[in-house]
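Letter by letter, the sequence shown follows residues -19 to 185 of our numbering. Where is the CB? At the ideal position from N, CA and C, for every residue including glycine.
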Amino acid sequence: MEEHITFPVGDITLEGLFSSPAETPAMGAVICHPHPQYGGEMRNNVVSALTAAFQEAGIATLRFNFRGVGQSGGSHAEGEAEVEDVKAAVTDLLNRQAVSRVIVSGYSFGSIVGLRAGAEDERVHQLIGVALPIGFRDPSFLVTAHKPTLLISGDNDNFSPIPGLQELVEKMSEPKKLVVLPGVDHFFLGQEGAAAKAAVDFLQQ
């Protein structure tokens, strides 16, 4: 069961959904949604699938709406101020549940913003990016992140081309993993579960 929450970032307030299992969890995950100017929000199909899979694995979850989305204050900031939104979500997660391991995960826009924030934030231990849009954003921060990182993409995703991802992953520090899902495009319709399973498998290794 998820609880509707709010938390501050600067002088605005963001809304989110928080869940923690009955038994005290070791892990907590912040899940970031895709581009708000293309309909992205925290109940997106991939975000929902990741959230459900994490919860089933006994992981506390916090998904939220970036600034300017839903009931979150502020306005869209092209992925810059949104980095602070992710860090504020990590703060709120830890305030609600003092987990020993924090994961930041995201889908599309949420993966590039979320992983950038997670790479910078010393409180974050692992990174999971689904459909990282390397064709539109610079992902080079992952090369110096030095955190266990999983990237998941479909082989029909023009926004997240596999050759570019392979080149990026080669430069990243271990442990790292690239999961390529055959026949899947950027939107994962009907394939959300495969992405979520890959994410949980990575965390349970």
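From what residue to what residue does the beta strand (DSSP E) around residue i run?
{"i": "Phe(-2)", "result": "-8 to -1"}
{"i": "Arg103", "result": "Here Arg103 belongs to no beta strand (DSSP E), and DSSP marks it neither H nor E."}
{"i": "Leu131", "result": "129 to 134"}
{"i": "Met7", "result": "7 to 12"}
{"i": "Ala40", "result": "40 to 44"}
Quick check: what's the CA-CA separation for residue i versus residue j?
{"i": "Glu147", "j": "Val66", "result": "26 Å"}
{"i": "Pro162", "j": "Thr31", "result": "23 Å"}
{"i": "Pro113", "j": "Ala57", "result": "17 Å"}
{"i": "Pro16", "j": "Met22", "result": "10 Å"}
{"i": "Val84", "j": "His166", "result": "20 Å"}
{"i": "Tyr197", "j": "Thr(-14)", "result": "Here the chain covers residues -19 to 185 and nothing more, so residue 197 does not appear."}
{"i": "Val27", "j": "His13", "result": "6 Å"}
{"i": "Val11", "j": "Glu36", "result": "Here residue 11 is Ile; the residue named in the question, Val, does not match the sequence. Rounded to the nearest angstrom, the two C-alpha atoms are 15 Å apart."}
{"i": "Arg103", "j": "Asn136", "result": "34 Å"}
{"i": "Ala40", "j": "Pro141", "result": "31 Å"}
{"i": "Ile(-8)", "j": "Gly98", "result": "21 Å"}
{"i": "Arg47", "j": "Gly54", "result": "5 Å"}
{"i": "Ala2", "j": "Pro143", "result": "42 Å"}
Can you check DSSP and say which residues form a bridge with residue i?
{"i": "Pro(-12)", "result": "Thr(-7)"}
{"i": "Val159", "result": "Ile132"}
{"i": "Tyr87", "result": "Val110"}
{"i": "Val82", "result": "Gly8"}
{"i": "Glu(-17)", "result": "Phe(-2)"}
State the CB to CB distance for the pair residue i and residue j, rounded to an integer number of angstroms; the pair is presumed to be in contact (CB under 8 Å).
{"i": "Ser133", "j": "Arg76", "result": "Their Cβ separation, rounded to whole angstroms, is 31 Å, which puts Ser133 and Arg76 out of contact at 8 Å."}
{"i": "Val63", "j": "Ser91", "result": "Contact flag wrong, Cβ pair sits at about 13 Å."}
{"i": "Arg42", "j": "Phe(-2)", "result": "For the sequence presented, residue 42 should be read as Leu rather than Arg. Yes, Leu42 and Phe(-2) are in contact; Cβ-Cβ is about 5 Å, under 8 Å."}
{"i": "Leu73", "j": "Leu95", "result": "Incorrect: roughly 16 Å between the Cβ atoms, too far for contact."}
{"i": "Gly8", "j": "Val79", "result": "4 Å"}
What first and last residue would you give for the alpha helix (DSSP H) that runs through residue i?
{"i": "Thr31", "result": "25 to 36"}
{"i": "Gly144", "result": "142 to 151"}
{"i": "Gly173", "result": "172 to 184"}
{"i": "Arg76", "result": "62 to 76"}
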